[in-house]
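When we follow the numbering used here, the leftmost residue of the sequence shown carries the number 3, and every step to the right adds one.
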Amino acid sequence: MHPLKMEEKKQITIHNIKSNQYRQIHSDGASAGITPSGLINISFYSHRNVIPKGTIFELENDGRLGKLVGITDDSKSGIVREYDFGVHMDVNTCKSIRDLMDEKIKEYEKLTK
């Protein structure tokens, strides 16, 4: 091989497709832990107000709903932290995602300066 010629690297194309279960969600945060088998688990959640178990309305003479009187006694109060999904991954995948997030944070900070 001629000393000035560079060896060509092999290439491969990765085709990205979305599964039927693919969805995008909003996340207010996440919690994480390590599974007994050594994988890292991260579960994403969103916050929302509670949904009443039941609502009580006045009933008009003609059977239509009138004004809202209140919620049933068995309804909860406060905020719900609803976990939408969790992901198990090995430490190398976790590091890759961390690096990707660091890169996107830097990109965002450049755009918003």
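Each residue gets a CB set at the ideal place from its N, CA and C atoms; glycine is no exception.
Quick one: grab the DSSP three-state call for residue i.
i: Val82; result: strand
i: Lys115; result: coil
i: Lys97; result: helix
DSSP puts residue i in a beta bridge; with which residues?
i: Asn51; result: Ile81
i: Gly1; result: The displayed coordinates of the chain run from 3 to 115. Any statement about residue 1 would go beyond what the structure contains.
Examine the ligand FMN and report whether any of its heavy atoms sits within less than 7 Å of the Cβ of residue i.
i: Ser77; result: Here there are no bound small molecules, and the ligand FMN is not part of this structure.
Which whole-angstrom value is the C-beta distance of residue i and residue j, which I expect to be below 8 Å?
i: Phe46; j: Asp92; result: Not confirmed; about 19 Å, so no contact.
Between the Cα of residue i and those of the options, spot the shortest distance and give me the residue it belongs to.
i: Ile81; options: Gly88, Glu62, Ile53 and Leu102; result: Ile53
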